[in-house]
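J.:
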């Protein structure tokens, strides 16, 4: 048999040839060959082929493949195994980008060359403006800055553009354009007076006075009983009877009568979207998807190629079992859906597996006997695959288990192996003494030696230090009396201070300063000065062996292993495809965060290690995949809100976007109000209902009545109070910081956190903490703190800052 010395692939080899190649290799080579075979099988299973330059070195080294379109595809085996798509991502991304450019009416600019998703390319918009945009930005919606109005204005040009959009609806007499489109300007509404808004929102988003918007929503909130009935009939016709219906609010359930199934309850807002009787809906769905017996038989015959007889079939639903006749094993029952998914006669499947296993066993036994002859009995062997151990009978020691792969490369009965090894290693006492004298001469007396094995201690007599014990195998390597060895070593290593420094300079040149060095013995540490990192300690012997400043060594190792920015981006694209924009990446090390742009959530920071090992990359994208915690549908939000608040509020105007975007909610008493969804489902109520009942001075209604207070500077604080063994913690907001000494006499006050922020943000922060950790709130009334934060006390360190 002739084998290639270094084959480009091992996939093409037969199993016998591959095993022979493994047998010729050492343990490291065997692991590498197994990894190569696994990778090449994966390549073929994904429909790719190997280029002429293909060579497998290791899992991290890129190899050259040919993708399904015939283009060269370079990828590391490690990255190829991790990614789900085998398409040449750069080519696919380029084609997708160019198609998007054409469908939007744009054209590719002069000197266009696609490099990656992060590098800007020249484009021409549909109007004719020249632009330079990266493919990822273009894909996420960025377009011509001139057309979009994102160019910088002055006051006059801003007012002109604003009037083109809003007409004479607003007064711009007090408007002064600031530094850019994100700097708010003042605009006058003829109804509600001055409001502030960014030029970007006012022009690009066509936003206007928010109070006008709320008024409009309030007008749309009211619906009469008669109007509801009229709207319901327009949606459902005469299908339902509304005699028992009493409409009050869109968020309060009503009774509706189905002419087929009787009364049922439903929210008015849901009913008007087209929903009705659930039983009717279920029946309609069943009718829509139900097959006839004839349809089932036709579909089953196509799938199983007329293998079965369906004369006993009476089809009801996909979940009900039907009787099917196998020509070999007779009638059997199986779910109709399972049969249409490819399942068949169970007994035929068992017979097929047994037949396949018999063929595998025969082949294994044939190859095993070729290697071991008739030494072993394989009557108990049940072969599954090359790695699953099988039972083999040794004629001397009985049954043992071994992986077929190991057995076929020469491994056999372990006990036989031990005995053979012991026989090879066992020698007589005279043979040992003869070999020892040949190595050590007359240095030792062997009259006490009783040799029983290479690892069993024997007694040897040193003419200087007397009897000592040592393993024969160690003694025959040249080792002898340990005490003599120490003496020789100390004598050899003893040198003067000047000799040590002279030798150190020979090895390290003039790199180090030895002015603080005091040499004693070779194994004693000395102080050495590195010109870059200062003093370090090291044994004299280690220093003379070539070791130097450990921090210099660490820096050098890091430099050797450090990726370039381009190499990191290449690995990142292999892992995540063209999902992210890496134009702002400045790679320093695997632990220093880099800036990456998500097309959905913008710029985020992440360590290179995390980015190359994370399935998502962007943390917000990962959180979104977890569902309700980050993004709900409007119905899901309303459902959670009702679990918290019951029927206290009307959500007919609610449109949920994200947990951070405020939603419109109707209070039955005070009307419309806007609130953060997170705060609402944490228990917060209508601000006007809550006014005067909350904790502290501030609430939502306070800031609505006093808008000038929202952006006033303030401190959000977290304080520890201690008096003897008594400890408490408090959160709050403080505009002055002058009341602490006067109000909390006798207590040691320690600020664990003091964060500058606006008064409104400080109030939101305080409210959230009080709600979230209310179980740890200090319940005991204390006259010392009444009026000075008694309701904001905790008996545990809720922020874990008291270290």
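In our numbering, the protein residues as written are 145 to 947.
All residues carry an ideal CB built from backbone N, CA and C; glycine is no exception.
Do residue 336 and residue 353 have their C-beta atoms closer together than 8 Å?
T.: Cβ atoms of residue 336 and residue 353: closer than 8 Å.
J.: Whose C-alpha, out of 554, 493 and 541, is nearest the C-alpha of residue 517?
T.: Nearest C-alpha to residue 517: 554.
J.: Between residue 424 and residue 405, which are expected to be in contact by the criterion C-beta below 8 Å, what is the C-beta distance as a whole number of angstroms?
T.: Contact holds; Cβ gap of about 7 Å.
J.: Hey, out of 473, 478 and 455, whose CA is closest to residue 466's CA?
T.: The option with the nearest alpha carbon to residue 466 is 478.
J.: May I ask which residues mark the beginning and end of the beta strand (DSSP E) holding residue 475?
T.: Residues 474-479.
J.: Going by DSSP, name the residue or residues bridged to residue 919.
T.: Looking at the DSSP assignment, residue 919 forms no beta bridge with any residue, so it has no partner.
J.: Run through the DSSP bridge pairs and tell me what residue 385 is partnered with.
T.: In DSSP, residue 385 forms a bridge with 401.
J.: Roughly how many angstroms separate the alpha carbons of residue 647 and residue 219, rounded to a whole number?
T.: Roughly 49 Å separates the two Cα atoms.
J.: Could you tell me if residue 819 is buried or exposed, where buried requires 16 or more neighbouring beta carbons within 10 angstroms of its beta carbon?
T.: Residue 819 comes out buried.
J.: DSSP state of residue 859, grouped into three classes?
T.: Strand, per DSSP.
J.: Going by DSSP, what residue range makes up the alpha helix (DSSP H) through residue 825?
T.: 821-825 is the extent of the alpha helix (DSSP H) around residue 825.
J.: Quick one: give me the first and last residue of the beta strand (DSSP E) that residue 341 is part of.
T.: Run containing residue 341: 337-341, per the beta strand (DSSP E) assignment.
J.: Give the range of the alpha helix (DSSP H) segment to which residue 872 is assigned.
T.: Premise fails: residue 872 lies in the beta strand (DSSP E), 870-878, not in any alpha helix (DSSP H).
J.: Counting Cβ pairs, one atom from each stretch, are 3 or more of them under 8 Å apart for the segment 804-814 and the segment 846-864?
T.: Flag = no, the segment 804-814 and the segment 846-864 do not touch.
J.: What is the residue span of the beta strand (DSSP E) that residue 895 lies within?
T.: Element bounds for residue 895: 892-902.
J.: On the DSSP letters alone, give me the boundaries of the alpha helix (DSSP H) that residue 786 sits inside.
T.: Note, residue 786: alpha helix (DSSP H), 778-789.
J.: Grab me the residues of residue 588's own chain with a C-beta within less than 8 Å of its C-beta, minus the 5 sequence neighbours each way, in chain order.
T.: 580, 604, 605, 606, 607, 624 and 625, listed in sequence order.
J.: Just how far apart, CA to CA, sit residue 860 and residue 778?
T.: Rounded to whole angstroms, residue 860 to residue 778 spans 33 Å at the Cα level.
J.: Between which two residues does the beta strand (DSSP E) harbouring residue 208 extend?
T.: Looking at the DSSP string, the run of the beta strand (DSSP E) that includes residue 208 is 207-210.
J.: In terms of residues, what are the limits of the beta strand (DSSP E) holding residue 330?
T.: 329-333 is the extent of the beta strand (DSSP E) around residue 330.
J.: State buried or exposed for residue 162, treating a residue as buried only when at least 16 other CB atoms are found within 10 Å of its CB.
T.: Looking at its Cβ environment, which holds 16 or more other Cβ atoms inside 10 Å, residue 162 is buried.
J.: Apply the 10 Å Cβ neighbour rule to residue 422 and answer buried if 16 or more other Cβ atoms are within range, or exposed otherwise.
T.: Counting Cβ neighbours within 10 Å, residue 422 comes out exposed, since fewer than 16 surround it.
J.: Within 8 Å, do at least three Cβ pairs link the segment 480-492 to the segment 506-522?
T.: Touching, no, given that fewer than three Cβ pairs across the two stretches are closer than 8 Å.
J.: What span of residues does the beta strand (DSSP E) with residue 681 cover, start to end?
T.: Note, residue 681: beta strand (DSSP E), 678-683.
J.: Mapping DSSP to helix, strand and coil, what is residue 742?
T.: In the structure shown, residue 742 sits in a strand (DSSP, three-state: E or B).
J.: Applying the criterion that 16 or more other CB atoms from any shown protein chain within 10 Å of the CB defines a buried residue, is residue 903 buried or exposed?
T.: The residue is buried, with at least 16 neighbouring Cβ atoms inside 10 Å.
J.: Beta-carbon within less than 6 Å of residue 881's beta-carbon, same chain only, minus the 5 sequence neighbours each way: which residues are those?
T.: Below a pLDDT of 50, predicted positions are generally treated as unreliable, and residue 881, at 49, falls in that range; the measurement from the model is reported next regardless. No residues qualify anywhere along the chain.
J.: Going by other Cβ atoms of all chains shown within 10 Å of its Cβ, with 16 needed for buried, is residue 468 buried or exposed?
T.: By the 10 Å Cβ count, residue 468 comes out buried.
J.: When every heavy atom of the ligand SAM is checked, does at least one fall within less than 7 Å of the C-beta of residue 403?
T.: With respect to small molecules bound, the structure shown includes none, and the ligand SAM cannot be examined in it.
J.: Report the residue from 857, 862, 891 and 877 whose alpha carbon sits nearest the alpha carbon of residue 870.
T.: Of the candidates 857, 862, 891 and 877, the one whose C-alpha sits nearest the C-alpha of residue 870 is 891.
J.: For a test of the three-state rule: what should DSSP assign to residue 628, helix, strand or coil?
T.: Three-state result, residue 628: helix.
J.: Report yes or no: do the segment 197-214 and the segment 582-600 share at least 3 C-beta pairs separated by less than 8 Å?
T.: The segment 197-214, when compared against the segment 582-600, does not touch it at the 8 Å Cβ threshold.
J.: Which class does residue 482 belong to by DSSP, given the choice of helix, strand or coil?
T.: Residue 482: helix per DSSP, three-state reduction.
J.: How long is the line joining the alpha carbons of residue 824 and residue 785, rounded to whole angstroms?
T.: Going from the Cα of residue 824 to the Cα of residue 785 covers about 7 Å.
J.: Here's a check: name, in chain order, each residue in its chain whose Cβ is nearer than 8 Å to the Cβ of residue 391, leaving out the five neighbours to either side.
T.: So the list reads 367, 368, 369, 372, 373, 398 and 412, once near-sequence residues are dropped.
J.: List the whole-angstrom C-beta distance separating residue 302 from residue 321, where the pair is believed to meet the contact cut-off of C-beta under 8 Å.
T.: Confirmed, Cβ separation roughly 5 Å.
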